[in-house]
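Residue numbers (the numbering used here), protein chains in the order written: chain A, 1 to 422; chain B, 1 to 175; chain C, 1 to 369; chain D, 1 to 171; chain E, 1 to 104.
Glycine included, C-beta positions come from ideal geometry on N, C-alpha and C.
Quick notes on the structure that follows.
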Amino acid sequence: MALPTLVTEHWYDLRDLSNLSREILEGADKILPHGIVYVLAALIGFVASFLIFVLPSQLIVGVYGERKLIGRMQSRYGPNRVGPFGLLQPIADAIKLMQKEALTPKGADRAVMYLAPIIFVAPAVLLFAVIPFGPKMILADINPALLYFLAVSSLPVLAAFMAGWSANNKYSLFGAMRIVAMSISYEVPLVLALLGVVLFTGTTSLQEMVLWQKHFDIWIVFLQPLALAIYFIAVSAELNRTPTDIAEAESEIVAGYLTEYSGMKWGLFYGMDIGYALAASAFAATVFLGGWSMFGLDKWVPPWMIIIGKTHLFYFVFIWTRGTLPRLRIDQLMAFAWKFMLPVALLNLVLVATERMLWVEQELDDSYLYIFAVVNIWAALGAIWAWSRFLGYRPERNPVRARLVNEAGGYVPVPEAAKGGK
Amino acid sequence: MPTREWTGEEVAAAAERLVPGSVARTTAGACYLKAEKLVEAIEALRSSPDTDFVHLTNLCGVDYWDHFEVVYHLQSFVRNQICCLKIEVWDREKAVAPSVVPVFHGAWMQECEAYDLLGIRFEGHPNLHRIFLWEGYPGWPLRKDFLSMPGGLQPGLNEFAGTARRPEPATRLVQ
Amino acid sequence: MTDAIKTEPFVLNIGPQHPSTHGVFRIKVTVDGEKVLDAEMVMGYLHRSMEKLAEERTYTQNIPFTDRTDYLSSMANNLGYCLAVEKLAGIGVPARGDAIRVIMAELQRLASHCMAVGAFTNDTGAWQTPVMWAFREREKILDIFEMTCGARLTCNYMRIGGVAFDLPAAFEPAVRKLLRELVPFIDEMEGLLVGNEIFLARTRGVGVLTPEQATNASLSGPLLRGSGIAWDLRKADPYCGYEQYDFDIPIGYQGDSFDRFIVRIEEMRQSIKIIKQALDGLPGGPHSTQVPLALRPPQGEAYARVEGSRGELGYYLVSDDGPSPYRFHIRAPSFINLSALKEMTVGGTVADAIVVLGSIDVVVGEIDR
Amino acid sequence: MEGFGVNFAFWTLSAVTLGAAGGVVVSRNLLHAVLFLILAFIGVAGFFVLLSAEFIAMAQVIIYVGAISVLVLFAVLLTPRAGRDNGETAMALPALLLAIAVATVFIFVVNDTNWTTVAKSPELATAELGTALLSTWVLPFELASVLLTAALVGAIMLVRSREEEAEDALA
Amino acid sequence: MTLELEHFLTVGALLFSLGLFVALSKRNAIGVLMGVELMLNAVNLTLLSFSRFSVSERPVAGQTFVVFVITVAAAEAAVALALAVSVYRNRQTVDIDRINLLKS
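Structure follows, in structure tokens:
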């Protein structure tokens, strides 16, 4: 009982900001004519979730944090000029972008080119509607929230395609082709991975998923680590994050579908890219990492802070991979999706279905969940090990040190032992 | 052990042995081949095991006012030796030399360079074009008479707002 | 059914303004989808006609020009040119001058390979991290250059008959400290990249050159050695007393982009080895012979070459007994190494073409001169 | 179904969907037609939400917008610029007459029939749909999966180029 | 104003007619396919309207039908687009007026 006076479901109870908004709305309902309060509720919810979560995360974690962290990874300082520790850098960036002229190339499809950023932005905002930030803090507690998430997150691909196609630039067209091909491939393992979660929890509502994890005191990541791995890879492919950022591969096709965009139109794409990554992180935090629940800790710590923390933790992994890994080629990415991710997702599905069947049919008690968790973690490690052992690149077979000769001369034949395979 | 630089006589002897009648004359460091026998001789020097000049190290043209020389440096890895071959191209207006691209792929770009800057046309080159300058550039910059060529090119910016054309620059003549 | 009945082939211009062409250089690739059908190089955007300019300046005045051809390894360029002039004029270099030249050339090779390795990994898509790491080490080397000759990039340090100034007192401890730091860095960089499966997948088997192809295309440097040909001018045709030092020639296995990468990494180790030996045996005495300012070498010609960072860097000079060279030709390794670009890219994808270009390690200043 | 919200949604969705379908008809550029088609799909998904079939609506967006239209876009990109015309054939006028006739008949039948309807039908949970699919409708469900597999294989076989076939023959 | 079944059916009918017109009149094979997709969507809309206004206790059949229609539509789209690409490769056109090999 650390702060007994503060956890009383009053408006000042910080654990759930919906208490505050409920107080406001109930007060407003007494003065305002009937019905307006519904509009007001939607507005407050939207603005609050945007102000508390999306915008600060986007600016501080997405722009500043990413640049700062990658800067440290690259042994340089990162932004440190504007404001204390360079914290105002995102704002300075935004001001600069707004002042820049948004060019439209000659021969571009103007209407489509103008529409693309707008279509790109809208779903990013809509995605946060179904993320539960607390027991009552959820904008749209709809039943097929998981499907809603998948449906809405397939829209930005279209916007990116429109952007790439309309700019009348070959690099843009390349980016458009790549993003379309890749999103089709990676949607399949993504959905299959999430299907396993739905199968086990028996619901498609995100709030119920969080409650399920809270009830059994186990996060789904422990039950289905493979699903999280597949989700992470597939979602980073859909979001164009390194190592799968082939649609805007800087060293190959300049900026992909963004090549011809400038000014705030580009800024919208850039900002909303971060928005999507945050939404995907929040979704992963909800589905796999227990959402706003934290093994009972959510009673004391505000749940919305827990999920924000988890989201940022997940986002950090995105930053981390971006700072370290090289990029795959498109054919390797496709082969990876179809030859590795799909079988592993199916394996995960079969495993989970079997366990679910056992659990329900045999009416096993909750402690069996922990056995399942151990089994699944081992299965995940085994699957990854087996893949890298038998299908992978096997770097130990290939010589990684140059041969040394002491005398100049002609061709030195490669000894049979060092030839290796692919 | 440093690379052995073949003298002109040595190269001439080898070339004469492999392709009789290919040598025009020799100097201390280089062997002048007859242009029409050049490709044959270079091919022979490359494939003969005791010469083994498999690597065309350097190819360049030199303008000597009345004629051009094309200089080839060939080297062997296994035998660790280098030699210098030359041909002379006498017609200044229509300077034509045989191309060694069929023998050495590495000559491709170097011949393009020599064509671009000196105007030596290499017959048999698959795609001879101006590699640094644009098609239609007046004159051949590395020729010694470049600045007094017809068309009146002058050093510096010819057209710059407010500047008159400069007087004819003094070119150094080497005879 | 002909080949034309596929998706429409179209021409993609990689460059002249492109993040991965390392300067203003253009490859016109004809692609069918992602597959490269044809690649044509377009260059000359940086052409300054140095060979013509050099004919108007004295032999000593030409040294700064050589800085600006391959601006990433100016020391090696200086060295090659000075060797050619010395060969032409028959000038000897004191032992200390030779040793200083060796140290500087090897330091320059380290700096240049840092850049090459970093830029190459950047081309495979590692977003700037390796390149920044490599730059950090390269900065330290450039600091030493600055300490010695006042310039970081275009050093203009070598002179005909030796070097411009003697080494400062702080030089030796600084270099020894640098070498101590570089050894773990090379190991770290190697461990970071050769164990990375994505990097291997991107570079293994990409841009393969057989030894015959590499020889026939007049390649040199890491490209030639990557194909398994043990050819290093420091061993084959020692200059500046390289025969005194104990080092090895690293060579690759099958001649792909990865082999060129590991050859460069290993060459950095060998360079460290050479610098250590040269520092240990640094002789005293003068650093340079006196050479008249208006040098007039006798009539004749000379072709001298050094093992630059990118390959055989040759200078062909013709003297007409005048104060400036009659003909000044640079055998630019980046330029000639590009001969094999088409062979290496056609048949691969666009992404492979970028990796191949990165593995050649071109410097556009040297291509266009 | 009553209330301002429902009415507003219905009329807006009708305008958007039919307008987008009209856009498919009139737009000359095939890419624009595809984009209009996507808008029509989204409008139809909105109708599904209005008809309280959220699951189907989400499936509509995922499959039609996320997959089918992306496939169509891909096919458009694979055909060259000359093939991106969306003009009419000579049969446009008869087709128009036929379409008008069909529309007239349908609307007449729809409005003339005395439908037996209820104002409020029970909400269907997604689980119920799933149970129905795997119990009552299990045979068509299996058939659909077989059909999908067949279509997958068929589509791959159709678009394989000669070179790929030659490669496979060698392997 | 009360929305009745007729409203939804009318929208469905109009959508179907537009789709029919697109399918019959477009010259481009991909255009024809788009018309077919529109028609299928109209059918789905009609099915769901019936399901929503049905007097049945558990009107699950309508939704089930829609699921099947969407499945078939997906399969059909994949095959049709493969056909279009394949036809383009062989005949260099997707103009259905000119795909007339059987015409003498």
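Which class does B/Lys94 belong to by DSSP, given the choice of helix, strand or coil? coil
Could you spell out where the alpha helix (DSSP H) holding B/Cys112 opens and where it closes? Ala107 to Leu118
At a CB-CB cut-off below 8 Å, which residues of chain C make contact with B/Leu45? Those within 8 Å of B/Leu45 in chain C number zero; the least Cβ separation is about 14 Å.
C/Phe10 (DSSP reduced to helix, strand or coil): strand
Given that a residue counts as buried once 16 or more other Cβ atoms are within 10 Å of its Cβ, and exposed if not, what is A/His215? exposed
Could you name the residues of chain F that A/Gly409 contacts, counting a contact when the two beta carbons are closer than 8 Å? Chain labels in this structure do not include chain F; the protein chains are A, B, C, D and E.
Tell me which same chain residues have a C-beta within less than 7 Å of the C-beta of E/Thr46, skipping the five on either side of it? Leu9 and Gly12
Hey, how far is the Cα of C/Val42 from the Cα of E/Phe21? 51 Å
Starting from D/Ile156, find everything on chain A with Cβ-Cβ shorter than 9 Å and list it in chain order. Residues of chain A passing the Cβ test: none, with the nearest at roughly 11 Å.
Pair within 9 Å by beta-carbon distance, C/Pro286 and C/Gly97: yes
Reduced DSSP category for B/His67 - H, G, I as helix; E, B as strand; rest coil: coil
Once you ignore the five residues that flank C/Gly118 on each side, which residues in its own chain have a CB closer than 6 Å to its CB? Pro130, Val131 and Ala134
Where does A/Phe53 sit, in a helix, a strand or coil, going by DSSP? helix
Could you tell me which whole beta strand (DSSP E) segments of length 3 or greater appear in the segment 263-349 of chain C? 300-307, 312-319 and 327-331
Considering only the alpha carbon of each residue, which of A/Met209, A/Val121, A/Asp109 and A/Glu26 lies closest to A/Thr286? A/Met209
Could you please tell me which residues of the segment 24-37 of chain E, in chain order, have their CB closer than 8 Å to any CB of chain D? Leu24, Ser25, Lys26, Arg27, Asn28, Ile30, Gly31, Leu33, Met34, Gly35 and Glu37
Alpha carbon of C/Val263 to alpha carbon of A/Val63, nearest angstrom: 38 Å
In whole angstroms, what is the alpha-carbon distance linking C/Ala217 and C/Tyr316? 20 Å
With a cut-off of 9 Å, does the C-beta of D/Gly66 fall near any C-beta of chain A? yes
Apart from the five residues just before and just after C/Met1, which ones in its own chain have a Cβ nearer than 6 Å to its Cβ? Confidence is the limiting factor: at C/Met1 the pLDDT is only 29, short of 50, which leaves the residue's position unreliable and the question unanswerable from this model.
I'd like to confirm the pairing. Which residues does DSSP put opposite B/Leu61 in its beta bridges? Note that residue 61 of chain B is Gly in the sequence shown, not Leu. According to DSSP, B/Gly61 bridges with B/Val70.
Whole angstroms is fine: what's the gap from D/Ala45's alpha carbon to D/Ala57's? 5 Å
Opening and closing residue of the alpha helix (DSSP H) in which A/Met294 lies: Looking at the DSSP string, A/Met294 is not in any alpha helix (DSSP H), and its letter there is neither H nor E.
Run of the alpha helix (DSSP H) containing A/Gln213, from where it starts to where it stops: Leu206 to Phe216
DSSP on E/Ser86, reduced to helix/strand/coil? helix
Quick check on DSSP: helix, strand or coil for B/Phe122? strand
Apart from the five residues just before and just after A/Glu425, which ones in its own chain have a Cβ nearer than 8 Å to its Cβ? The requested residue 425 of chain A does not occur in the structure, where chain A is confined to residues 1 to 422.
Of the choices C/Met75, C/Leu341 and C/Phe199, whose alpha-carbon is the least far from that of C/Arg159? C/Met75
Of all the residues that make up the segment 271-301 of chain A, which are near chain C by a beta-carbon distance shorter than 8 Å? none
Quick check on B/Arg17: buried or exposed, where buried means 16 or more other Cβ atoms within 10 Å of its Cβ? exposed
By the criterion of Cβ-Cβ separation under 9 Å, what are the contact partners of D/Met91 in chain A? Ordered by position in chain A, no residue passes the 9 Å Cβ test against D/Met91, which lies about 29 Å from the chain.
Taking the Cβ atom as the reference point for each residue, do D/Phe106 and E/Ser17 lie within a distance shorter than 9 Å? yes
Roughly how many angstroms separate the alpha carbons of C/Val183 and C/Ile274, rounded to a whole number? 13 Å
Buried versus exposed call for D/Val138 [16 or more other C-beta atoms within 10 Å across all chains shown]: exposed
8 Å contact criterion, which B/Val19 and B/Ala41 should meet: CB distance rounded: 5 Å
Can you name the start and end residues of the beta strand (DSSP E) that A/Arg403 belongs to? Arg403 to Val405
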